[in-house]
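Contents: one structure, followed by commentary.
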Amino acid sequence: MEFSTADYSIFVLLLVLSAAIGLFYALSGGRQRTVQEFLLANRSMSFLPVALSLLATFQSAVAILGVPAEIYRFGTEYWFLGCSYFLGLLIPAHVFIPVFYRLQITSTYEYLELRFNKTVRIFGTITFIFQMVIYMGVVLYAPALALNAVTGFDLWSAVLTIGLVCTLYTTLGGLKAVIWTDVFQTLVMFAGQLAVIVVGARRVGGMARVWHLAEQQGKISGIDLDPDPYVRHTFWTLAFGGVFMMLSLYGVNQAQVQRYLSSRSERQAVLSCYAVFPCQQIVLCLSCLTGLVMFVYDLEHPLVPSGTHISSDQLVLYFVMDVLRDLPGLPGLFVACLFSGSLSTISSAFNSLATVTMEDLVRPHCPGLSESRATLLSKLLAFGYGLLCLGMAYVSSMLGPVLQAAISIFGMVGGPLLGLFCLGMFFPCANSTGAVVGLLAGLAMAFWVGIGSLVASTGGATPPANSTVSLPINLTTPAVLTTTLLTPTTTPPPSPTGLQKFYSLSYMWYSAHNSTTVIAVGLLVSLLTGPTPPSAVDPRTIFPVLPRLLRCLPARYRQRLCCGVRFPTQDAPHPSPTAEKRIPNGLGAAPRDGSEEQGYGPPAYALQETAF
């Protein structure tokens with residue numbers, strides 16, 4: 048199906064407005080002349096734009112295509128993922144955000160140096176860079192490939208245009224431009240999905256009939272309380288396994304934490320986490336309703352000839368183009384919706400990668416770098432990562448079947464990084480050696496299970512090169528993005544045993560499994576090599592979760608649970624941002640002179656330089 052002039056006009060309008068927002072913030076305010084303004088929006092954002100940006104960051108095109116395909120094929124069981132959003136956002140709001148915000152850091156991995164040492168910080172930074180560089184090219188290329196296969200929309204024109212526009216406004220406008228373009232793109236995503244649902248439901252007799260027919264066909268799932276972790280989707284898998292997945296994204300991921308830190312106060316940061324909860328539920332409902340409408344529409348108006356094999360993401364696009372074919376401009380609105388998802392995710396990747404590279408790899412080795420040079424270098428890093436994204440998109444086009452593994456890498460890395468932060472924040476006895484060994488063990492376990500599952504589920508078969516892969520799940524469920532495509536639709540094979548059984552662990556438990564591996568190995572190694580002395584632990588880097596959960600215990604027992612670390616002002620009120628004592632370079636590094644920072648309790652401790 049060819050696009051009309053109106054469709055192209057709406058798509059171009061999306062790009063022009065996105066670029067205009069970047070130019071506006073490049074030429075207004077402080078004109079991005081300081082590193083803090085460029086990377087943290089001068090810590091001036093209110094909760095609502097931050098919340099919408101949090102939503103858009105991981106609401107990629109993968110989600111817009113993938114979740115409806117999941118509902119179409121397997122029914123509404125996936126909808127129970129919404130239950131995990133409650134704890135998955137409540138815990139970051141009251142555990143991770145207070146710790147990160149009060150430390151006034153810029154990069155999440157600065158925390159690892161404050162808690163452990165430079166070695167752990169570097170390991171965490173390199174792991175994150177590897178994760179995002181691999182993924183950002185795929186998240187740009189794969190939706191463009193699916194769109195090209197269905198509509199004839201020129202593949203490389205779309206990839207280059209999106210990549211360059213995204214690079215432009217991220218480099219010129221900094222984080223403030225990224226956040227406000229995310230707000231605009233979120234509204235476009237809502238409009239595109241809503242248009243498809245309304246028009247599609249009207250053409251099949253309304254939403255009541257959609258629900259009735261879907262229920263007749265067995266697509267409305269009940270609550271499956273099977274506790275078996277090897278069952279792909281159950282209530283427990285989605286509601287509780289999903290919590291760990293959410294924590295790896297909304298708790299410790301640099302792209303999200305950077306948005307919390309851009310808030311004008313800690314309260315605004317917490318409110319942004321609360322505000323994103325209903326937004327996530329709305330997005331999940333829209334995606335699930337799209338899948339149900341698509342299923343019923345396909346029953347009455349077959350989208351593809353019988354016997355034709357297409358991937359699930361292509362089916363979503365066939366549905367959209369068929370439903371909206373008589374309404375000029377609406378197909379273009381959906382394409383704008385699709386690429387808004389790509390733009391928001393990629394721009395967040397550029398900005399967060401520039402931040403961790405600048406703060407974790409450049410500044411520690413160039414302490415005399417002036418503010419103007421540091422700002423210029425941050426912009427060049429964002430620009431460089433933009434070009435790298437285009438290069439990774441080209442590499443993705445040549446990967447063929449390996450593309451599926453590249454997509455899965457994002458989810459394999461999130462769990463171990465969550466485990467590393469939890470190890471440092473919840474266990475004062477953990478030391479730097481345990482942290483590094485635990486992280487490596489978690490990554491090894493993640494790649495072993497993830498790649499083993501991928502190979503086992505394909506049965507060794509090799510899809511044709513450059514075939515369109517299914518992207519069934521969004522970045523908020525990144526553990527194995529190829530599960531829907533790889534799940535057989537014919538008679539299921541015999542129940543697996545041994546390693547095959549291990550590989551069949553539900554992808555929703557991957558984050559929990561891998562983060563637990565990091566914590567268990569990290570604690571064991573720490574105990575074997577000597578726990579960190581209480582006097583060497585900065586209390587600001589610890590969240591005393593057990594003492595707070597067990598307040599009924601006598602004080603002396605709760606103190607033992609803290610491993611000897613004292614928290615003299617852990618419940619003291621914190622001052623407003625105007626009263627806070629800022630760090631001279633404005634980048635949020637913790638005070639290093641041993642003086643007490645106003646409102647932050649005990650003196651800052653010198654960074655540990657213990658050898659790995």
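Here the sequence shown is numbered in the working numbering, starting from 48 and rising by one per residue.
Each residue gets a CB set at the ideal place from its N, CA and C atoms; glycine is no exception.
Everything numeric in this text was worked out from a predicted model, so none of it was measured.
| field | Cβ shell of S143 (< 6 Å), same chain only, five flanking positions each side left out | value | Checking the sequence shown, residue 143 turns out to be Phe, not Ser. A distance below 6 Å between beta-carbons, with the five flanking residues on each side excluded, links F143 to the following residues of its chain, in chain order: G298.
| request: Identify, in the order they occur along the chain, each residue of the same chain with its Cβ nearer than 6 Å to the Cβ of V382, setting aside the five sequence neighbours on each side. | output: The beta carbon of V382 is closer than 6 Å to those of F58 in its chain, skipping five residues each way along the sequence.
| Range of the contiguous alpha helix (DSSP H) that encloses Q303 | From DSSP, the alpha helix (DSSP H) with Q303 extends over Q301 to L308.
| field | When L385, K266, A396 and V185 are compared against V243, the one with the closest alpha-carbon | value | The option with the nearest alpha carbon to V243 is L385.
| said: Short of 7 Å in beta carbon distance, which residues of its chain neighbour R311, apart from the five on each side in sequence? Order them along the chain. | reply: These residues qualify, in order along the chain: R90, S91, M92, S93 and P624.
| said: Do L187 and V206 have their beta-carbon atoms positioned less than 8 Å apart in this structure? | reply: Yes, Cβ-Cβ distance for V206 and L187 is below 8 Å.
| field | DSSP beta-bridge partners of M341 | value | Paired residues: none, contrary to the question.
| Rounded straight-line distance, which links the Cα of G199 to that of Y72 | Approximately 35 Å, taken between the alpha carbons.
| query | Buried or exposed: Q6, going by 16 or more other Cβ atoms within 10 Å of its Cβ? | reply | Residue 6 lies beyond the residue range present for the chain, which begins at 48 and ends at 659; the question has no answer from this structure.
| said: Could you compute how far the alpha carbon of A196 sits from the alpha carbon of G338? | reply: Rounded to whole angstroms, A196 to G338 spans 20 Å at the Cα level.
| task | Under the assumption that L101 contacts V323 (Cβ atoms under 8 Å), give the Cβ distance between them as a whole number of angstroms. | result | That belief holds up - the Cβ atoms of L101 and V323 are roughly 5 Å apart, short of 8 Å.
| Rounded to the nearest angstrom, how far is the Cβ of V367 from that of P349, given a contact under 8 Å? | Going by Cβ atoms, the distance from V367 to P349 rounds to 15 Å, so no, they are not a contact pair.
| task | Tell me where the alpha helix (DSSP H) around N561 begins and ends. | result | Here the alpha helix (DSSP H) through N561 covers Y557 to T576.
| task | May I ask you to verify whether the region 393-407 touches the region 215-222, counting CB pairs closer than 8 Å and requiring at least 3? | result | The region 393-407 is in contact with the region 215-222.
| Alpha carbon to alpha carbon, what distance is there between I169 and L150? | Between the alpha carbons of L150 and I169 lies a gap of roughly 19 Å.
| field | alpha helix (DSSP H) segment containing C384, residue limits | value | The continuous alpha helix (DSSP H) containing C384 extends over residues L377 to V403.
| Taking the continuous alpha helix (DSSP H) assigned at Q151, which residues delimit it? | Per DSSP, Q151 is not a residue of any alpha helix (DSSP H), being assigned neither H nor E.
| request: Could you work out which residue in A302, G289, F473 and L137 is closest to L222 when comparing CA atoms only? | output: The shortest Cα separation from L222 among A302, G289, F473 and L137 belongs to A302.
| task | Compute the Euclidean distance between the alpha carbons of L434 and S399, then round it to the nearest angstrom. | result | Taking C-alpha positions only, L434 is separated from S399 by approximately 15 Å.
| task | Going by CA-CA distance only, name the one from S558, Y432, G471 and G466 that's closest to I456. | result | Nearest option by C-alpha distance: S558.
| request: Flag this pair as yes or no: are the beta carbons of L260 and Y125 separated by less than 8 Å? | output: Pairing L260 with Y125 gives a Cβ-Cβ distance that is not under 8 Å.
| message | Using CA atoms only, rank isn't needed, just tell me which of I68, Q79 and P115 is closest to Y365. | response | Measuring from the Cα of Y365, the nearest candidate turns out to be P115.
| field | Cβ separation of A482 and G577, assumed to be a contact under 8 Å, to the nearest whole Å | value | Contact annotation, A482 with G577: C-beta distance approximately 14 Å; criterion of less than 8 Å not satisfied.
| task | Report, in whole angstroms, the separation of the C-beta atoms of G431 and N561, which I expect to be a contact under 8 Å. | result | Contact flag wrong, Cβ pair sits at about 30 Å.
| request: Would you mind sorting G635 into buried or exposed? The rule is 16 or more other CB atoms within 10 Å of its CB. | output: Low local confidence applies: a pLDDT of 43 at G635 is under 50, so the model's placement there is unreliable, and no value is given.
| What are the boundary residues of the alpha helix (DSSP H) that includes C213? | First-last of the alpha helix (DSSP H) with C213: L202 to R250.
| query | Among all the DSSP beta bridges, which residues are the ones paired with M492? | reply | None, per the DSSP bridge assignment.
| message | Between the alpha carbons of T422 and R80, how many angstroms are there, rounded? | response | Between T422 and R80, the alpha-carbon positions lie close to 6 Å from each other.
| Limits of the unbroken alpha helix (DSSP H) element including F590 | Counting along the chain, F590 sits inside no alpha helix (DSSP H), nor does DSSP assign it H or E at all.
| When the cut-off is 8 Å and only beta carbons count, does K165 lie next to chain C? | Protein chain content of the structure displayed is limited to a single chain, and chain C is not contained in it.
| Close beta carbons around I270, own chain, < 6 Å, minus the five adjacent residues each side | Closer than 6 Å at the Cβ level, and outside the excluded window around I270, lie F282.
| said: Give me the residue from G376, L362 and L346 with the minimum Cα distance to S56. | reply: Of the candidates G376, L362 and L346, G376 places its Cα closest to the Cα of S56.
| task | Out of L136, A488 and V251, state which residue places its alpha-carbon closest to the alpha-carbon of V343. | result | Ranking L136, A488 and V251 by Cα distance to V343 puts V251 first.
| request: Report yes if the C-beta distance between T588 and Y158 is below 8 Å; otherwise report no. | output: Closer than 8 Å, so yes.
| request: Pick out whichever of S131, T480 and D373 has its Cα sitting closest to the Cα of S295. | output: Closest option to S295, Cα to Cα, is S131.
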